[in-house]
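Numbering (our numbering), first residue to last: 4 to 131. Note that the Cβ used here is the ideal one computed from N, Cα and C, for glycine as well. This structure is a prediction, so every number in the text was calculated from the model and none was measured. Data first, discussion second: the structure below is written as structure tokens.
Next comes the structure, spelled out in structure tokens:
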């Protein structure tokens, strides 16, 4: 497994999908797993943040496995440093990755969403 500092992710939006790219390059199965997982977020950066918040709730605690679901895949905490992206519909092979890289990857996705599809300001204090 890679160190998260040695890895960089990018996301390109194409129609309804986010196409991931990773350096250093990785196998197609990981890219397909990430693409499948993030499909259910659509263009909603806030949905990615909610997913990250739910993942953070699996930090520490009991050594039992915990998971966070989307409509297309789910992520299971295997141990404190590793998650596994698990397939729901036979689209990819389950694949493990470091938690730090996974979080960074989702942060990059959120940044891409916010840059390409800015969300309306919902802060009531700014409205006069």
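Exposed or buried, which one is residue 31 when buried takes at least 16 other CB atoms within 10 Å? Counting from one through the chain shown, the residue named residue 31 turns up at place 28. So residue 31 ends up on the exposed side.
Can you tell me the Cβ-Cβ gap for residue 36 and residue 120, rounded? I've got them flagged as a contact below 8 Å. Against the chain shown, residue 36 aligns to sequence position 33. Against the chain shown, residue 120 aligns to sequence position 117. That belief does not hold up - the Cβ atoms of residue 36 and residue 120 are roughly 23 Å apart, past 8 Å.
On the CB-based measure, 16 or more other CB atoms within 10 Å of its CB, does residue 28 come out buried or exposed? Position 25 of the chain shown holds residue 28. Burial call: exposed.
Could you give the uninterrupted runs of the beta strand (DSSP E) lying entirely in the segment 20-61, keeping only those of 3 residues or more? 20-26
What is the C-beta distance between residue 89 and residue 79, in whole angstroms, given that I count them as a contact (C-beta under 8 Å)? Here the question's residue 89 lines up with position 86 in the chain shown. Here the question's residue 79 lines up with position 76 in the chain shown. So it is a contact: roughly 6 Å between Cβ atoms.
Alpha carbon to alpha carbon, what distance is there between residue 19 and residue 144? Outside the shown range of the chain (4 to 131) lies residue 144, about which nothing can therefore be said.
Give me, in chain order, the residues of the same chain whose beta-carbon lies closer than 6 Å to that of residue 77; leave out the 5 immediate sequence neighbours on both sides. The residue labelled residue 77 in the question sits at position 74 within the chain shown. Cβ neighbours of residue 77 beyond the five flanking positions: 70, 89.
Is it buried or exposed, residue 49, if we count other Cβ atoms within 10 angstroms and call 16 or more buried? Numbered from 1 along the chain shown, position 46 holds the residue referred to as residue 49. Its Cβ having fewer than 16 others within 10 Å, residue 49 is exposed.
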